Amino acid sequence: MTIFRLLAAGAAALLLAAPCPAQAAGKVLHTLLTTSETGLDPAVASDIATLSLLENLFDPLLRYDYDARPPALRANAAAALPEVSADGLVYTFRLRPGMVFTGDPAFGGQRREVTAADYVYSLRRLYDPALKSPWLFLFEGKIKGDAALKGSFSHATSIAGLQAPDRHTLRITLAAPDKNFLFYLATPASGVVAREVIEAYPGQAGNHPVGSGPFRLGQWKRSDKIVLLANHDWGITRHGRRLPLLDRVEVRIAEEFQGRMLGFLGGEYDYLEQVPESLTDMVIRNGRLKPALAARGIALTRFPVLQTYYMWMNMEDPLLGGYGNDKVALRRAIALSYDSAEDIGLLKKGFALRAESPLPPNVLGYDPAYRTPVPYNKALAQALLERFGYRQRDPDGFRRAPDGKPLTLTMHSEATVGGRLRDELWRKNLNAIGLRVVFRTDKKTEIIKASRLGKVQMFESNWIADFPDGDNFYQLLYGANRGRANYARFNLPAYNERYEQARQLGDSPARQTLYGEMNQLIHAYNPWVPLTHPLSADLQHPWLKNYKRHPVEFTTWRYLDIDPEQRERASKMAR
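Position one of the sequence shown corresponds to residue 0 (this note's numbering), numbered consecutively onward.
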């Protein structure tokens, strides 16, 4: 029997069997991370697995409301949202009283209160060149006087923009208004740390995470198992109940798709986020949960991730770049050739939405009524190429450029099973309108490096929101970001002007109008082909309570509850 048949046989048995996980005392959440964690230092970590843990160990000033859609900020370490000066420059926070760090020998056996000075220290620490914080870009140049932290960095350097006038008051002054600034203060990177702990473990802060968040570290077996214990001093309530509701969270690292799926079906995990596309057929039939799983009380939900897949084209490439009519026509024809229905149906197994613009649902600025003026239309693509000079054909039927030279598109691709499937879809789409394409495979990290240097002609990529505002997506086509996140190297004055105007506005009808005009410019010049917004297929067992995905935060563990009796009854049924 092959390994695939063994896997299928095991899965079939688990579809019917109720789980019987080993339980520790109290309310215990069993969950997983899909990749190994790194050091648990909020100033340094940038991978999703580690950020998921940091969300639960450290306290930023603000967090997102669990229920609000689109996402909205609420107070966390701050007692309320800040007072903001009329000019939008000065933010004054009052800290929630009674916050304490979890215990550590660095505190000499004393309970250590969290103060405003700790937030000054924690934010200033992002500027420490020894840390090379990947989150410094959120703050650098935006806080008044922070240039003084460059060069010979020292925590003794006081800057005008970061001040603690008293023990529980934090005042942040910006160099210029930034409508997204509060979003930055809800990231794990802005979580508060204690100076005593950082200095007690020089260069090892990531191995000794001490925060004030809803959980504290109980056990840590690297790249295998992490146990978080409830911090009953946290002091946040929801619906009159003190959070967290759980006693502990047991986290396993599960990198293999099959291991995650079989672990969930066997009750090792209480929920499973984002069923892998390759295993969708194991649990879903005709878009619905298989009856055997539904009979066990397992629930399936579809969650729109704040993510956009898009295929970008290099606007400086000599073959398809430029702003002349012939090059615009070529890119438009490529966009018209994209068959979203086949992509969503075959590659995404139905778990995606067609992208009408760069913005996914639940992002501030998203317009649910907007529709792309460049739909799938092979006939129109053919006519457009004919009209703008791509008429001559090679002996094998592929079109030549208007100057009569051979025309071959080059699309970079990841050397994965998914990458090869996308290659074949693009080959089929482009060949259907007479365009030859070849694929150059490489690791994604190498493709991104080459993209930033302008050495890639075309590539299908994706963007996950750092914060839930349209600016985070439209900046990907801002001319000043060429060589960084603007891989298409799009630099259109009309777009740049509207983007700069929109950045000065909050979520408003005026900004919505600018976003609509920017969408029209994107579809007029086609530096991008917006593809899809993925829908995550999420599964949960019936004993898990309050579970709901959040569009921005990686975890919701502090809100979750477990019914141990219901879990025990399911366990007995399996015996």
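Where is the CB? At the ideal position from N, CA and C, for every residue including glycine. Note that the structure is a prediction, hence the values are computed from the model and not measured.
*CB-CB under 7 Å to residue 166, same chain, minus the five flanking residues each way: which ones, in chain order?*
In chain order, 114 and 115 place their CB closer than 7 Å to the CB of residue 166, counting only its own chain and leaving out the 5 sequence neighbours on each side.
_Is the separation between the beta-carbon of residue 446 and that of residue 458 shorter than 8 Å?_
In terms of Cβ geometry, residue 446 and residue 458 form a close pair [threshold 8 Å].
*Take residue 47 as the anchor and find which of 308, 376, 569 and 188 has the nearest alpha-carbon.*
Closest in C-alpha terms to residue 47, from the list 308, 376, 569 and 188, comes 188.
*Name, in chain order, the residues that DSSP records as bridge partners for residue 250.*
DSSP lists 30 and 225 as partners of residue 250.
*Which residues in the same chain have their Cβ closer than 7 Å to the Cβ of residue 131, if we skip the five residues on either side of it in sequence?*
In its chain, beyond the 5 residues on either side, no residue has a beta carbon closer than 7 Å to the beta carbon of residue 131.
*Taking residue 499 as part of the alpha helix (DSSP H), name the residues at either end of that continuous run.*
Its alpha helix (DSSP H) spans residues 492-502.
_Local Cβ density within 10 Å of residue 124, reported as buried at 16 or more and exposed below that_ = By the Cβ-count criterion, residue 124 is buried, with 16 or more other Cβ atoms from all chains shown falling within 10 Å of its own Cβ.
*Expressed to the nearest angstrom, what Euclidean distance is found between the alpha-carbon atoms of residue 381 and residue 332?*
Straight-line Cα distance between these residues: approximately 7 Å.
*Between the region 462-474 and the region 359-372, do at least 3 Cβ pairs fall closer than 8 Å?*
Touching, per the Cβ criterion.
*Examine the Cβ distances between the region 191-206 and the region 522-539 and report whether three or more of them are shorter than 8 Å.*
Touching, no, given that fewer than three Cβ pairs across the two stretches are closer than 8 Å.
*How close, in whole Å, do the beta carbons of residue 538 and residue 297 come, if the pair is a contact with beta carbons under 8 Å?*
Right, the Cβ-Cβ distance comes to about 6 Å (below 8 Å), so this counts as a contact.
*Which residues DSSP lists as bridging residue 508, in chain order*: The secondary-structure analysis by DSSP pairs residue 508 with nothing; it has no beta-bridge partner.
*Could you tell me the distance, in whole angstroms, from the CA atom of residue 535 to the CA atom of residue 301?*
Taking the straight line joining both Cα atoms gives about 6 Å.
*Just list the alpha helix (DSSP H) runs in the region 129-188, keeping only unbroken ones of 4 residues or longer that don't cross its boundaries, in chain order.*
Correct list: 180-183.
*asked:* Using the three-state DSSP reduction, which class does residue 425 fall into: helix, strand or coil?
replied: For residue 425, the three-state secondary structure derived from DSSP is helix.
*Of the choices 241, 450, 385 and 518, whose alpha-carbon is the least far from that of residue 355?*
Distance check between residue 355 and each of 241, 450, 385 and 518 places 518 closest, using alpha-carbon atoms only.
*Hey, out of 262, 375, 325 and 359, whose CA is closest to residue 335's CA?*
Considering only alpha carbons, the answer is 375.
*Contact set for residue 68: own chain, Cβ-Cβ below 8 Å, skip 5 residues either direction*: The residues are 361 and 550.
_Please report the distance separating the alpha-carbon of residue 525 from that of residue 122._
Approximately 40 Å, taken between the alpha carbons.
*Rounded to whole angstroms, what's the CA-CA distance from residue 527 to residue 521? Just pull it up for me.*
Rounded to whole angstroms, residue 527 to residue 521 spans 7 Å at the Cα level.
*Which value, in whole angstroms, describes the spacing of the CA atoms of residue 179 and residue 269?*
About 35 Å.
*Could you pull the start and end residues of the beta strand (DSSP E) that residue 63 belongs to?*
Looking at the DSSP string, the run of the beta strand (DSSP E) that includes residue 63 is 61-63.
*Going along the chain, which residues of its own chain have a beta-carbon closer than 6 Å to the beta-carbon of residue 192, five neighbours each way excluded?*
The residues are 121.
*Would you mind sorting residue 452 into buried or exposed? The rule is 16 or more other CB atoms within 10 Å of its CB.*
It counts as exposed.
*For residue 568, which residues from the same chain have a beta carbon less than 6 Å from its beta carbon, with the 5 sequence-adjacent residues on both sides left out?*
Excluding positions up to five away in sequence, the list is empty.
_So if DSSP puts residue 466 in a beta bridge, which residue, or which two residues, is it bridged to?_
Beta-bridge annotation (DSSP): residue 466 is not paired with any residue.
_I'd like to check one pair, residue 497 with residue 315: are the Cβ atoms closer than 8 Å?_
No.
*Compute the Euclidean distance between the alpha carbons of residue 495 and residue 479, then round it to the nearest angstrom.*
Residue 479 has its alpha-carbon roughly 8 Å from the corresponding atom of residue 495.
*From what residue to what residue does the beta strand (DSSP E) around residue 435 run?*
Segment 435-441, the beta strand (DSSP E) holding residue 435.
_Paired residues, beta bridge with residue 460 - DSSP_ = Its beta-bridge partners are 309.
_Inter-residue Cα distance where the pair is residue 572 and residue 294_ = Looking at the two C-alpha atoms, the distance is approximately 13 Å.
*asked:* Quick check: what's the CA-CA separation for residue 243 versus residue 492?
replied: Roughly 50 Å separates the two Cα atoms.
*Is residue 315 helix, strand or coil by DSSP?*
Correct three-state label for residue 315: coil.
*asked:* Here's the rule: buried if 16 or more other CB atoms are within 10 angstroms of the residue's CB, otherwise exposed. What is residue 164?
replied: By the beta-carbon neighbour count (other beta carbons within 10 angstroms, threshold 16), residue 164 is exposed.
_Between which residues of its own chain and residue 486 is the CB-CB distance below 6 Å, once the five residues before and five after are set aside?_
These residues qualify, in order along the chain: 311 and 450.
*Pull up the DSSP beta-bridge partners for residue 535, would you.*
BP columns for residue 535 point to 302.
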